[in-house]
Amino acid sequence: MPTFSIGADDFLLDGRPFRILSGALHYFRVHPEQWADRIAKAKLMGLNTIETYVAWNQHSPERGVFDTTGVNDLERFLGLVADAGMYAIVRPGPYICAEWDNGGLPGWLLHDPELGLRRSEPRYLAAVREYFEALLPIVAPLQIDRGGPVILVQVENEYGAYGDDHDYLRTLTAWTRELGITVPLTTVDQPTAQMLEDGSIPELHKTGSFGSRSLERLATLREHQPTGPLMCSEFWDGWFDHWGEHHHTTPVAETAADLDALLAAGASVNIYMFHGGTNFGFTGGANDKGQYRSHVTSYDYDAPLDEAGHPTEKFFAFRDVIAKYAEVPTEIPPAATDAPAFTASFGQEVPFADVADEIAPLQAFDRIPTMDELGAFSGLARYRASLGGRGGVLRFAEVRDRVVVSVDGVPVGALTREFKERSIVIPAGETLELLLENQGRVNYGKRLGEPKGIIGPVSLDGVELTSWGIAPVALDRLDAVVDAAVTRTADAPISGAGPVLLTANVTLDAPTDLFLDTAAWGKGLVWVNGFLLGRYWSRGPQHTLYVPGGQLRAGENRFTVFEFHALTTPTLSFLARPSLGPTEF
Numbered sequence: 001m002p003t004f005s006i007g008a009d010d011f012l013l014d015g016r017p018f019r020i021l022s023g024a025l026h027y028f029r030v031h032p033e034q035w036a037d038r039i040a041k042a043k044l045m046g047l048n049t050i051e052t053y054v055a056w057n058q059h060s061p062e063r064g065v066f067d068t069t070g071v072n073d074l075e076r077f078l079g080l081v082a083d084a085g086m087y088a089i090v091r092p093g094p095y096i097c098a099e100w101d102n103g104g105l106p107g108w109l110l111h112d113p114e115l116g117l118r119r120s121e122p123r124y125l126a127a128v129r130e131y132f133e134a135l136l137p138i139v140a141p142l143q144i145d146r147g148g149p150v151i152l153v154q155v156e157n158e159y160g161a162y163g164d165d166h167d168y169l170r171t172l173t174a175w176t177r178e179l180g181i182t183v184p185l186t187t188v189d190q191p192t193a194q195m196l197e198d199g200s201i202p203e204l205h206k207t208g209s210f211g212s213r214s215l216e217r218l219a220t221l222r223e224h225q226p227t228g229p230l231m232c233s234e235f236w237d238g239w240f241d242h243w244g245e246h247h248h249t250t251p252v253a254e255t256a257a258d259l260d261a262l263l264a265a266g267a268s269v270n271i272y273m274f275h276g277g278t279n280f281g282f283t284g285g286a287n288d289k290g291q292y293r294s295h296v297t298s299y300d301y302d303a304p305l306d307e308a309g310h311p312t313e314k315f316f317a318f319r320d321v322i323a324k325y326a327e328v329p330t331e332i333p334p335a336a337t338d339a340p341a342f343t344a345s346f347g348q349e350v351p352f353a354d355v356a357d358e359i360a361p362l363q364a365f366d367r368i369p370t371m372d373e374l375g376a377f378s379g380l381a382r383y384r385a386s387l388g389g390r391g392g393v394l395r396f397a398e399v400r401d402r403v404v405v406s407v408d409g410v411p412v413g414a415l416t417r418e419f420k421e422r423s424i425v426i427p428a429g430e431t432l433e434l435l436l437e438n439q440g441r442v443n444y445g446k447r448l449g450e451p452k453g454i455i456g457p458v459s460l461d462g463v464e465l466t467s468w469g470i471a472p473v474a475l476d477r478l479d480a481v482v483d484a485a486v487t488r489t490a491d492a493p494i495s496g497a498g499p500v501l502l503t504a505n506v507t508l509d510a511p512t513d514l515f516l517d518t519a520a521w522g523k524g525l526v527w528v529n530g531f532l533l534g535r536y537w538s539r540g541p542q543h544t545l546y547v548p549g550g551q552l553r554a555g556e557n558r559f560t561v562f563e564f565h566a567l568t569t570p571t572l573s574f575l576a577r578p579s580l581g582p583t584e585f
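Sequential numbering of the sequence shown, starting at 1, is according to full-length UniProt numbering.
Written out as structure tokens, the structure reads:
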């Protein structure tokens with residue numbers, strides 16, 4: 001069988017020097033029918049390796065569950081990498097960052113407020129052990145010395161930016177070996193002395209994460225990893241976007257020049273990202289470095305392959321650089337083609353209030369629990385309290401992350417965590433209704449694992465409201481409930497006034513990628529054929545949702561929209577190309 005090891009100066013494949021030319025491709029951000037296409041295009045750019053994180057929370061929505069079907073079929077994904085004649089790097093965390101909800105850590109970990117994340121804390125380690133016991137037996141048989149593609153496995157992720165518990169790292173390393181991983185183990189940190197020292201142990205090979213000043217960063221890395229190959233295992237070729245910002249891009253020529261300098265120095269590389277994909281559903285995370293900012297649905301990342309898998313100018317620039325150091329296939333992928341552009345009409349509209357009791361049946365509370373205490377680790381929650389004819393200043397201790405406030409069925413306004421909004425004047429009325437959105441858990445830094453929902457008491461003119469009806473919103477039952485509601489209501493023009501649920505049937509001759517235009521809509525969620533594409537928001541920068549052709553079918557396709565505010569234009573429009581927003585304001 002082949003072997004892969006770390007030599008005095010190089011990675012060694014069957015004892016001979018080998019340079020890793022890798023690209024990041026997260027299987028859980030790409031429709032499974034598109035995996036083979038994206039892998040093949042990586043090879044056409046000159047890459048020899050595919051790297052992926054493993055998102056623990058994606059596989060384990062609840063403790064004791066480890067789903068490996070559909071988009072979670074890591075074994076199939078790695079098999080496709082092998083079929084393409086490429087190698088693989090697996091980064092199982094347990095923490096991954098990745099602009100992913102909670103950095104990949106499951107929400108159910110937070111049931112125990114005393115549990116200590118990412119350190120030698122027994123309850124946390126017990127959960128990690130369960131995760132490793134489910135995951136690593138999938139990876140182990142696919143290692144290179146057993147005929148598979150896996151050549152490296154990473155332990156933890158950017159740990160030096162979070163902690164310095166080396167006993168924790170030793171425990172993860174020991175378990176990884178015990179559970180069958182024999183290939184070299186690595187860590188990654190930004191190339192600062194503190195992070196490189198805090199984030200690794202001698203048993204692990206240090207690598208760096210950076211996107212510029214390659215020679216300077218490699219020199220710092222060499223100071224802390226004096227032997228073995230140099231590797232930038234996250235070469236940042238773009239960046240991610242938050243709602244309310246511009247769409248981030250990096251200059252192609254400058255980024256290619258940094259890649260050139262890195263390769264000229266003899267280093268190995270993993271391009272982060274080769275293809276970003278999409279934060280489908282509620283999977284996007286958030287940052288909070290003094291101000292909470294949630295990530296948009298697109299994870300285009302300004303990567304060599306765009307969100308829909310088309311080669312960009314950066315693809316060809318990187319390919320030209322790689323060709324100076326390795327053999328590159330002569331074939332190139334086809335250029336992007338326009339998606340179908342057309343419009344469709346909504347056929348059904350149901351006010352959320354009409355079906356709220358069916359998809360979110362209220363339970364009585366005398367205090368407000370967090371969403372985590374309700375067992376809801378993502379999505380929406382509904383709250384109701386009696387006002388008794390009163391109005392005044394409604395004040396929240398804290399909102400995580402956004403709440404739409406209504407009185408007697410009439411929307412009054414919204415409060416956001418982003419702008420630290422905690423009070424609103426409401427008119428006199430009988431019933432207060434709140435629709436709370438978890439906009440994504442922080443994925444980096446000390447605010448990992450914090451609870452979601454309405455935190456602490458809610459008061460009206462200084463008097464705490466203590467009698468509540470509260471429930472998470474069961475979005476998996478949406479279509480059936482809407483259909484039942486429509487049969488009970490008379491036909492009426494589509495108003496688009498939210499909170500409202502709308503459906504449309506779109507007929508296609510064949511499955512194909514689409515770009516749903518959301519520019520004229522307010523804020524909400526979109527499903528297609530029961531699959532949650534993700535969030536949209538008029539504040540941008542993103543104004544289309546990518547609809548993968550693999551999620552569509554020839555004939556009728558059902559689109560369901562949950563609009564929180566209002567659709568300026570209550571129709572569906574599909575554009576020829578995506579609209580990810582301006583690159584600067």
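Backbone N, C-alpha and C fix where the C-beta goes; we use that ideal spot for every residue, glycine too.
On a predicted model such as this, the values are computed, not experimentally measured, just so you know.
Would you be able to state if there are at least three C-beta pairs under 8 Å between the region 526-541 and the region 384-396? no
For D517, tell me which candidate among T569, G530 and A492 has the shortest Cα-Cα distance. T569
Can you tell me the Cα-Cα spacing of G370 and G107, whole angstroms? Note that residue 370 corresponds to Thr in the displayed sequence, not to Gly. Their backbone Cα atoms lie some 12 Å apart in a straight line.
Validate contact between the region 214-229 and the region 273-285 using beta carbons, cut 8 Å, 3 pairs: no
Where do the ends of the alpha helix (DSSP H) carrying Y159 lie? Per DSSP, Y159 belongs to no alpha helix (DSSP H) and is neither H nor E.
Cβ-based neighbour list, P578, same chain, cut-off 6 Å, excluding 5 preceding and 5 following: F515 and T544
So for F342, helix, strand or coil by DSSP? strand
Tell me whether A88 is buried or exposed, calling it buried when 16 or more other Cβ atoms sit within 10 Å of its Cβ. buried
Is it right to say S200 is buried, meaning 16 or more other beta carbons lie within 10 angstroms of its own, or is it exposed? buried
Identify the residues that DSSP records as bridge partners of Q143: which are they? V150
Examine chain D for any beta-carbon lying closer than 9 Å to the beta-carbon of E430, and answer yes or no. Among the chains in the structure shown there is no chain D, since it carries only a single protein chain.
Determine which residues share a DSSP beta bridge with T52 and list them. V90
Kindly confirm or deny that the region 127-146 and the region 168-185 touch, where touching means at least three C-beta pairs closer than 8 Å. yes
Quick check: the region 150-157 against the region 182-194, are there 3 or more CB pairs under 8 Å? yes
What do you get for E203, buried or exposed, if any count of 16 or more other CB atoms within 10 angstroms of its CB means buried? exposed
If you compare alpha carbons, which of E121, S406 and L374 is closest to H166? E121
Evaluate M1 with the Cβ neighbour count: other Cβ atoms within 10 Å of its Cβ, from every protein chain shown; 16 or more gives buried, anything less gives exposed. exposed
Would you call the region 37-54 in contact with the region 80-100, where contact means no fewer than 3 C-beta pairs closer than 8 Å? yes
With contact counted as at least three CB pairs below 8 Å, one residue from each stretch, are the region 411-423 and the region 372-379 in contact? no
Can you list the alpha helix (DSSP H) stretches of 4 or more residues lying completely in the region 293-324, in chain order? 313-322
Which stretch, first to last residue, makes up the alpha helix (DSSP H) that contains M273? No alpha helix (DSSP H) contains M273, which is instead part of the beta strand (DSSP E) from S268 to H275.
Out of K452, V486, E437 and S459, which has the shortest C-alpha to C-alpha gap to residue 613? Here the chain comprises residues numbered 1 to 585, so residue 613 is not present and cannot be evaluated.
Check whether the region 307-318 touches the region 557-575, counting contact only when three or more Cβ pairs, one atom from each stretch, lie closer than 8 Å. no
To test your reading of the DSSP string, which unbroken beta strand (DSSP E) runs of 3 or more residues are found completely within the UniProt domain "Beta-galactosidase 1-like first all-beta" (370-473)? 380-386, 392-400, 402-407, 410-416, 423-426, 431-437, 453-460 and 468-472
Just how far apart, CA to CA, sit L567 and P499? 10 Å
Identify, in the order they occur along the chain, each residue of the same chain with its Cβ nearer than 6 Å to the Cβ of G413, setting aside the five sequence neighbours on each side. V405 and I424
Jot down the residue ranges of each uninterrupted beta strand (DSSP E) in the UniProt domain "Beta-galactosidase galactose-binding" (500-557), minimum 3 residues, whole runs only, in chain order. 500-508, 514-517, 523-528, 531-537 and 544-547
N- and C-terminal bounds of the beta strand (DSSP E) containing D288: A286 to D288
With a threshold of 8 Å on Cβ separation, who are the neighbours of R447 within its own chain once the five nearest residues in sequence on each side are excluded? D288
Relative to the C-alpha of P334, which candidate in L305, A353 and F346 has its C-alpha closest? L305
Please state the DSSP three-state secondary structure of D189. strand
Take T227 and list the residues in its own chain whose beta-carbon comes closer than 7 Å to its own, dropping the five residues that flank it on each side. A8
Hey, T278 and R29: beta-carbon distance below 9 Å or not? yes
Where DSSP assigns a beta bridge to V355, which residues make up the other side? V355 is not bridged to any residue.
Which residues in the same chain have their Cβ closer than 8 Å to the Cβ of T343, if we skip the five residues on either side of it in sequence? T571, L572, S573 and F574
Can you tell which of A341, F210, L394 and L435 has the C-alpha that lies nearest to the C-alpha of L380? L435
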